[in-house]
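**Q**
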Amino acid sequence: MPFKKKSYQIQPKNLKSTESNSSKLRKLSVFKGLIFAMLSATSYSLTTVFVKEMKNLDPGQLSFYRFIAVFAISMPDAIKCGENILGPKDLRLLLLIRSILGTTGNYLSYVAYHYLPLGDAATILATLPSL
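For the sequence shown, my numbering gives the first residue as 2, with consecutive numbering after it.
1. Tell me which same chain residues have a C-beta within less than 6 Å of the C-beta of S126, skipping the five on either side of it?
2. N79 and I86: beta carbons closer than 8 Å?
3. When we look at the beta-carbon of L63 and count the other beta-carbons within 10 Å, is it buried (16 or more) or exposed?
4. So T49 packs on Y108, CB below 8 Å; how close in whole Å?
5. Would you report the Cα separation of P89 and T104, rounded to the nearest angstrom?
6. Where does N85 fall in DSSP's three states?
7. Tell me where the alpha helix (DSSP H) around L102 begins and ends.
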């Protein structure tokens with residue numbers, strides 16, 4: 002009869018502390034996500050108010066300045082990751098289409114904020130994903 006070697010799984014000494022650390026990290030990540038969601042909603046609301054109040058600038062100029070700011074903020078991260086900033090070669094056409102559609106959507110939402118009352122435009126634009 003051949004001899005089979007037994008294998009044992011080694012359990013950590015402080016099993017309770019390991020489980021409590023992972024649950025603490027999970028709770029922290031949820032809290033962190035909620036903070037970022039609140040900051041995102043606040044910045045989006047402030048952006049709509051600024052767009053509505055800047056009556057002397059065309060919506061095209063406002064969206065241009067927005068894109069310049071997004072470019073300036075995101076470029077250091079794009080360079081830091083070390084990959085091609087234009088994306089993979091096989092996905093560049095899809096990325097171009099996505100950027101054109103996103104730019105058009107952003108411009109048209111700024112036009113809506115410019116011509117409609119703020120509450121109406123915000124309500125209509127908030128229902129767009131469900132249409």
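Glycine is no exception: its CB is placed at the ideal position from the N, C-alpha and C atoms.
Treat the numbers as computed from the prediction; the structure is a model and nothing was measured.
**A** Reading off the structure:
1. Position 125 of the sequence shown holds residue 126. According to the sequence provided, residue 126 is Leu. The question's Ser does not apply to it. If we look at L126 and ignore the five residues flanking it on each side, its Cβ neighbours are S110.
2. In the sequence shown, counting from the first residue as 1, residue 79 sits at position 78. In the sequence shown, counting from the first residue as 1, residue 86 sits at position 85. Note on residue identity: the sequence assigns Ala, not Asn, to residue 79. It is a contact, given that the beta carbons lie within the stated cut-off.
3. For the purposes of this step, residue 63 is taken as the residue at position 62 of the sequence shown. Buried.
4. What you label residue 49 is simply residue 48 of the sequence shown in a count that begins at 1. What you label residue 108 is simply residue 107 of the sequence shown in a count that begins at 1. About 14 Å separates the two Cβ atoms, so there is no contact after all.
5. Position 88 of the sequence shown, counted from the first residue, corresponds to residue 89. Position 103 of the sequence shown, counted from the first residue, corresponds to residue 104. Roughly 21 Å between the two C-alpha positions.
6. Locating residue 85 in the sequence shown gives position 84, where the first residue counts as 1. DSSP places N85 in coil when its eight states are reduced to three.
7. Position 101 of the sequence shown, counted from the start, is the residue given in the question as residue 102. First-last of the alpha helix (DSSP H) with L102: 93-116.
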